[in-house]
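Reading through the structure tokens given below for one structure.
Numbering (mature numbering (1 follows the signal peptide of the UniProt record, and there is no 0)), first residue to last: -23 to -1, 1 to 388.
As structure tokens, this is what we get:
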């Protein structure tokens, strides 16, 4: 069934079916028992939904933050070698209109460090603490975003000297690995609540659509966003790309508030009785990707945990013709619970843990891709870059004595 026909049927279904009101806890007002979708039906996921990898969708969040420093070529490489069905990644747009892979709209000092200015006397230097949208690619490329690990991820491996990759470089990486079954789920990081802090919505849409087309990846990419207006616009600009409605529940939906939330592209959630599934289906989303529960870093085994995704929500999404893929799920009990609910995939910081759960349940595992052999020319370029990074770092240390005040102000 084509995605267009599926979207039309979804609108008809949503228009005619009763909507479920999800409280802040994520539990429908009238909870009905629902058999897990996979237990009730035997069907090919990719054939049914018209897009996405075959089988249960194991998505490595930012390449798998729990294993390797996020959003680096090293993290995406490791995810491919661990074996995932989808690389989940974020895109920001630079001042000179380049799509770089990074989650944060402002360069984070916890993840990146300055190594030297892009050119002598650059008044913008240092760059840590600046908005990505105000920096050029040349300035961004001086940042070392791989040497520092995050304490909340004790298993995280560093990748010294790693630069923020271009989106095109992630596409090239997947091709080098010959990972022809792997999808990329790209989030456009439009900050609808503070639009002055990121590139404009239109620029995000145009640049990302262009990059996907130029890489010939239209059949391997989905576009996700918390900014549903960006998804609506992407559907107009490049209708061949599947769109995924991200939501973290009431914070962005703003039920009971006057007017529409800035995140929903003009949709007032109260027109749908607070139901995010019906709202996402109304503009033809191919999938909905909600937070799994509250707190976001909680587990189903925690006393204060409140599920947001329920069997009822899963059933409603499937009736509307949409996949449902919650984020970000890192512990086995919560993974098991959500698979029991019938979800179509999970976004996780720990792809190795989700593989173990999938294996325990007899689910087909994504293929592991071995690292491609490095050519002599590539090895020479890597060694040259490594030497340049070391030289820049040494120069920076010598310069810090005369630049302490400015550096500390920005970090």
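Ideal Cβ positions, reconstructed from N, Cα and C, are used throughout, including at glycine.
With at least 16 other beta carbons inside 10 angstroms of its own, residue 48 counts as buried. Distance from the Cα of residue 175 is smallest, within the candidate group 193, 207, 191, 198, for 207. Restricting attention to 86, 102, 152, 106, the CA atom closest to the CA of residue 124 is found in 86.
Nearest to residue 130 by alpha-carbon distance, out of 288, 345, 274, 293, is 274. For residue 161, DSSP records a beta bridge to 64, 198. Residue 133 is a Cβ neighbour of residue 45, given a cutoff of 8 Å.
Between the stretch 230 to 238 and the stretch 188 to 199, the count of C-beta pairs closer than 8 Å stays below three; the two stretches do not touch. As for any alpha helix (DSSP H) of minimum length 4 sitting wholly inside the stretch 261 to 308, the runs are 288 to 296, ordered along the chain. Counting along the chain, residue 218 sits inside no alpha helix (DSSP H), nor does DSSP assign it H or E at all. A contact is defined here as three or more CB-CB pairs under 8 Å, and the stretch 322 to 342 meets this definition with respect to the stretch 34 to 41. In terms of Cβ geometry, residue 195 and residue 218 form a close pair [threshold 8 Å].
Beta-bridge partners of residue 108 (DSSP): 83. By the 16-neighbour rule on beta-carbons within 10 angstroms, residue 270 is buried.
For residue 51, the uninterrupted alpha helix (DSSP H) segment begins and ends at 50 to 59.
Put simply, the backbone Cα of residue 259 is about 12 Å away from that of residue 243. For the 8 Å CB-CB criterion, residue 204 and residue 240 form a contact.
The Cβ atoms of residue 34 and residue 321 sit closer than 8 Å to each other. For residue 36, the enclosing beta strand (DSSP E) has its first and last residue at 34 to 38. Across the structure, residue 338 and residue 323 are spaced so that their CA atoms are roughly 15 Å apart. Exposure of residue 214 is indicated by the presence of fewer than 16 other C-beta atoms within 10 angstroms of its C-beta. Within the same chain, Cβ atoms closer than 7 Å to the Cβ of residue 285 are found at 3, 226, 267, 268, 269, 270, 271, the five residues on either side in sequence being excluded.
Each of 119, 54, 314, 198 was checked against the Cα of residue 96, and the nearest Cα belongs to 119.
With fewer than 16 other beta carbons inside 10 angstroms of its own, residue 234 counts as exposed. Going by DSSP, residue 184 is part of the alpha helix (DSSP H) stretching over 178 to 191. The closest CA to that of residue 302, considering only 315, 139, 178, 256, is found on 315. In the three-state scheme derived from DSSP, where H, G and I count as helix and E and B as strand, residue 77 is classed as strand. With a minimum length of 4 residues, the unbroken runs of alpha helix (DSSP H) contained wholly in the stretch 311 to 360 fall at 328 to 337.
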